[in-house]
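Counting in the working numbering, the final residue of the sequence shown is number 349, and the numbers go up one at a time with none missing. Where is the CB? At the ideal position from N, CA and C, for every residue including glycine.
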Amino acid sequence: MLVVMESGSGAEHVDHVVRLLSEMGVDSCVLEGACPPIVEVLTGNGTVDRAGLEEAPRVERVLDRAEPILAGSRTEHEQTRTVPLGKHATVGGRQLAIIAGPCSVESQQQVLEIAAAVADSGAVALRGGAFKPRTTPYAFQGHGERGLEMLARAREETGLAIVTEVMCTEQVELVARYADVLQVGSRNMHHAPLLRAVGQQSRPVLLKRGWSATLDEYLMAAEYIMRGGNLNVILCERGIRTHETYVRNTLALAIVPEIKRRSTLPIIVDPSHGTGRSHLVAPMSNAAVACGADGLLIEVHHTPGKAWSDGHQSLDPEQFSKLMTGLAPLAEACGRRL
Ligand code: PEP
Ligand code: MN
């Protein structure tokens, strides 16, 4: 059982709930970093007087079962949380956050060239995998730390924030040393130890939806991160697996307005993995912004035909620039800025 306090309630209200529970003969603990404060009811010899708890000052609600609270807790007037994207940008405000770059970091030259091009077109962050979660062990697995160094150099030269994937708990400290945002990929959305580990460090986390995860499972994965004290979570819809074959994944955009209804977390859309086809990236980017997405994650490569991974879904810099130009009036019509 969980006792959720109203936002803005003070330590004295939380202490009062803890004391009430103790008088009922029940142990409890206050969840670290939870906002609003939450008291978890543990087992004890006594019996919980639920009505007594509900009537206590500044208690918002008492929940019987585990459901996302931190990640799924939008009350009517709450705004989307604003999450920092490096030093100069945020996700979740009026400005759309456009994160663009190659699927994989291939070379210093490649990353610098693409970073300059996407920055020129208005991207605020550079994406690129140094640790790559590939479907086959016989494909390029990424340059590892060398790739992270290449990304850091691109940040120095362009001012773009760096978003890059961390695949396991052992990599968290290393990736956090170089990246502005740690990406947890679709394959790892269910990996609780990794979610806990990124929840205990200070960099914001971009959490991609597992391709077979339901919305509730997705919000619970975000909950793992936030329970560790890291509330800076960016959600990212990247398509789910269906029977359909003309696309790599089915981009399930209805999740965007539904997340907006339930959660204060910002949500961006990845139309590159979400379709797997470069000609679908611009139209689905427009659709994502139209339905309320807070930003986009787009794969861009200077020569998509020669990309080491995901070339068929990557835009070249010119196509990316066109996409951005087309997006501007649409963003404005939706009350957003590019
Ligand atoms: C990626 O964005 O680099 C990636 C591997 O995507 P996903 O985890 O969505 O497959
Ligand atoms: Mn990719």
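Problem set entry | Exposure of Phe331, with buried meaning 16 or more beta-carbon neighbours within 10 Å | buried
Exercise. Quick one: Cα of His290 to Cα of Leu226, how far?
Worked result: 27 Å
Exercise. Does the beta-carbon distance from Ser283 to Glu310 come in below 8 Å?
Worked result: yes
Problem set entry | Residue closest to Ala265, alpha-carbon to alpha-carbon, out of Arg249, Glu343 and Val258 | Arg249
Problem set entry | Proximity of Val300 and Ala342 at Cβ, strictly below 8 Å | Yes, the Cβ-Cβ distance between Val300 and Ala342 is below 8 Å.
For this session: Can you give me the Cβ contacts of Met335 inside the same chain, cut-off strictly under 6 Å, excluding the 5 residues immediately before and after it?
Result: Ser132 and Gly133
Exercise. Given a threshold of 16 other Cβ atoms within 10 Å of its Cβ, counted over all protein chains shown, does Asp305 qualify as buried or as exposed?
Worked result: buried
Exercise. How about Val135 and Leu171: are their beta carbons less than 8 Å apart?
Worked result: yes
For this session: Spell out the partners DSSP gives Glu310 in its beta bridges.
Result: Note: Glu310 is bridge-paired with Gly112 in the DSSP secondary-structure output.
For this session: Counting only the same chain and skipping the five closest in sequence on each side, list residues whose C-beta sits under 8 Å from that of Met73.
Result: Inspection of the sequence shows that residue 73 is occupied by Val rather than by Met. Counting only Cβ-Cβ distances below 8 Å, and skipping sequence neighbours, we find Met12, Leu13, Val14, Val15, Arg61, Leu64 and Glu65.
Exercise. Thinking C-alpha only, which one of Leu262, Leu96 and Gly322 is nearest Met295?
Worked result: Leu262
Problem set entry | Element boundaries [alpha helix (DSSP H), containing Gln121] | Gln119 to Asp131
Exercise. Is the closest heavy atom of ligand 1 to the C-beta of Glu51 under 7 Å?
Worked result: no
Problem set entry | Terminal residues of the alpha helix (DSSP H) in which Gly55 lies | Premise fails: Gly55 lies in the beta strand (DSSP E), Ile49 to Gly55, not in any alpha helix (DSSP H).
For this session: Measuring alpha carbon to alpha carbon, tell me which of Arg188, Val195, Leu185 and Arg288 ends up nearest Glu176.
Result: Val195
Exercise. Are at least three pairs of beta-carbons, each pair with one atom in the stretch 177 to 195 and one in the stretch 203 to 219, less than 8 Å apart?
Worked result: yes
For this session: Could you name the residues that DSSP lists as bridge partners for Gln106?
Result: Arg348
Exercise. Counting Cβ pairs, one atom from each stretch, are 3 or more of them under 8 Å apart for the stretch 153 to 170 and the stretch 104 to 111?
Worked result: no
Exercise. Do you know whose CA, among Asn199, Gly97 and Gly210, lies nearest Asn241's CA?
Worked result: Gly210
Problem set entry | Run of the beta strand (DSSP E) containing Lys98, from where it starts to where it stops | First-last for Lys98: undefined, no H or E at that position.
Problem set entry | Counted within 10 angstroms of its Cβ, other Cβ atoms place Gly346 as buried (16 or more) or exposed | Gly346 should be labelled exposed.
Exercise. Just to confirm, does Asp321 get its C-beta within under 7 Å of one of the non-hydrogen atoms of ligand 2?
Worked result: yes
For this session: With ligand 1 as the reference, list in chain order each residue whose Cβ lies under 5 Å from any of its heavy atoms.
Result: Gly140, Gly196, Ser197, Lys219, Arg249 and His284
Exercise. When DSSP labels each residue in this structure, what does Lys317 get in the three-state scheme?
Worked result: helix
Exercise. Can you check whether the CB of Val116 is closer than 8 Å to the CB of Gly139?
Worked result: yes
Exercise. Does the Cβ-Cβ distance between His323 and Gly287 come in under 8 Å?
Worked result: yes
Problem set entry | Secondary structure of Gly239, DSSP reduced to three states | It is coil, neither helix nor strand.
For this session: Note down, in chain order, each residue of its chain lying with its Cβ closer than 8 Å to the Cβ of Val59, except the 5 sequence neighbours on either side.
Result: Met12, Leu32, Met35, Val37 and Val52
Problem set entry | As assigned by DSSP and simplified to three states, the class of Met200 | If DSSP states are grouped into helix, strand and coil, Met200 belongs with coil.
For this session: Kindly indicate which three-state DSSP category Thr261 falls into: helix, strand or coil?
Result: strand
Exercise. Who are the near neighbours of Ala67 in its chain, counting only those whose CB is closer than 7 Å to its CB and skipping five residues on each side?
Worked result: His27, Val28 and Leu31
For this session: Please work out which residues of its chain come closer than 6 Å, Cβ to Cβ, to Ala339, disregarding the five sequence neighbours upstream and downstream, and give them in chain order.
Result: Leu349, listed in sequence order.
Problem set entry | Closest Cα partner of Glu89 within the set Gly19, Gln152 and Ala100 | By alpha-carbon distance to Glu89, the top candidate from Gly19, Gln152 and Ala100 is Gly19.
Problem set entry | Candidates Asn199, Thr54 and Leu162: closest to Ala187 by CA position | Minimum Cα-Cα distance from Ala187 among the listed residues Asn199, Thr54 and Leu162 corresponds to Leu162.
For this session: Note the first and the last residue of the continuous alpha helix (DSSP H) segment covering Leu185.
Result: Segment Val183 to Tyr189, the alpha helix (DSSP H) holding Leu185.
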